[in-house]
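Chains as they are written, first to last, in the working numbering: chain A, 9 to 191; chain B, -17 to 109.
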């Protein structure tokens, strides 16, 4: 059976799968031990599989216990593909949006690494580490992450220089207005 | 006395701001860019900019008073205050020029090799 181009009724299939697993692990009160089905032979549940385009209609496949792990894995993989396909179709681009948001946050935090406050600087370092890990999970290249860190440093340098000039300007203005000695 | 306290408090705020910014500069590895001479130059530039603004304001007020006949008393008070500010600013500018002049030779000796003025000499036959 080809999985390409096929869609899977994930919700229904997974519900059935979990229900089947539960029923196997916790036998009902009414059931006697002798009534319990054989683990290897008994059908757990059925998986509803619909061919793409609906040409073949809905097919039901009998599931055995040994298939549970494989099916849960493949269904989650398919669900991920579905999300990706939906986002592409609707031009939502979750991954890009998430990466952009995390990049902005990383830039802010990386600037705080050079803060005069020790605790702020240490927390920012930790936060930047976590965010860079998240970015790597989102598929952002390490070179891009280090470029963000360098950009943060450059921006911080500019901010510090502007801050020093601003303080100097305000200090002299204060001195001019009040007559206070600043030197 | 009360005004004196306020001035001291304000000056301590400036000092604190400067300290914080210098700490940040140190963490960035650019502390040596902000030497005492550099800070004096920033302050001197700021004084000159403020002076220009004061001169402009004085010209505007004088023009307003002569052309539009606005409330002369109020404008005169403003002008008087401006004159005081201008005199203080000019005095400060001169003081800064003097202190920068004192700092310059000392700073010239301490300049790192990369920042010292370079003289290029070519050796070889002239074409």
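Quick reminder that beta carbons are idealized off the backbone N, C-alpha and C, glycines included.
Just so it is clear, the structure is predicted and the values come from calculations on it, not from any experiment.
C-alpha distance - residue i paired with residue j, whole-angstrom precision
| i | j | result |
| --- | --- | --- |
| residue 21 of chain B | residue 73 of chain B | 18 Å |
| residue 40 of chain B | residue 65 of chain B | 8 Å |
| residue 121 of chain A | residue 129 of chain A | 4 Å |
| residue 137 of chain A | residue 24 of chain B | 37 Å |
| residue 176 of chain A | residue 132 of chain A | 28 Å |
| residue 82 of chain B | residue 63 of chain B | 28 Å |
| residue 85 of chain B | residue 17 of chain B | 10 Å |
| residue 184 of chain A | residue -6 of chain B | 17 Å |
| residue 30 of chain B | residue -4 of chain B | 20 Å |
| residue 9 of chain B | residue 146 of chain A | 30 Å |
| residue 111 of chain A | residue 178 of chain A | 34 Å |
| residue -11 of chain B | residue 152 of chain A | 48 Å |
| residue 68 of chain B | residue 37 of chain B | 8 Å |
| residue 42 of chain B | residue 32 of chain B | 15 Å |
| residue 149 of chain A | residue 163 of chain A | 21 Å |
| residue 144 of chain A | residue 116 of chain A | 18 Å |
| residue 109 of chain A | residue 75 of chain B | 48 Å |
| residue 187 of chain A | residue 71 of chain B | 10 Å |
| residue -15 of chain B | residue 60 of chain B | 22 Å |
| residue 93 of chain A | residue 113 of chain A | 27 Å |
| residue 181 of chain A | residue 127 of chain A | 33 Å |
| residue 174 of chain A | residue -13 of chain B | 23 Å |
Test: residue i CB closer than 8 Å to a CB of chain A
| i | result |
| --- | --- |
| residue 80 of chain B | no |
| residue 57 of chain B | no |
| residue 10 of chain B | yes |
| residue 71 of chain B | yes |
| residue 28 of chain B | yes |
| residue 86 of chain B | no |
| residue 25 of chain B | yes |
| residue 67 of chain B | yes |
| residue 61 of chain B | no |
| residue 74 of chain B | yes |
C-beta neighbour in chain B for residue i, strict 8 Å
| i | result |
| --- | --- |
| residue 1 of chain A | Given a span of 9 to 191 for chain A in the structure shown, any question on residue 1 of chain A remains unanswerable. |
| residue 168 of chain A | yes |
| residue 181 of chain A | yes |
| residue 111 of chain A | no |
| residue 171 of chain A | yes |
| residue 184 of chain A | yes |
| residue 177 of chain A | yes |
Taking three-plus beta-carbon pairs below 8 Å as touching, is the stretch 153 to 160 of chain A in contact with the stretch 168 to 181 of chain A? no
Contact list for the stretch 34 to 52 of chain B against chain A, Cβ threshold 8 Å: none
Can you find at least 3 beta carbon pairs, one from the stretch -5 to 4 of chain B and one from the stretch 54 to 63 of chain B, that sit closer than 8 Å? no
Could you list the residues in the stretch 123 to 143 of chain A with a C-beta less than 9 Å from some C-beta on chain B, going in chain order? 123, 124, 125, 129
Could you list the residues in the stretch -11 to 19 of chain B with a C-beta less than 7 Å from some C-beta on chain A, going in chain order? -11, -8, -7, -4, -1, 0, 2, 3, 5, 6, 7, 9, 10, 12, 16
Could you name the residues of the stretch 153 to 166 of chain A whose beta carbon sits closer than 7 Å to any beta carbon of chain B, in the order they occur along the chain? 161, 164, 165
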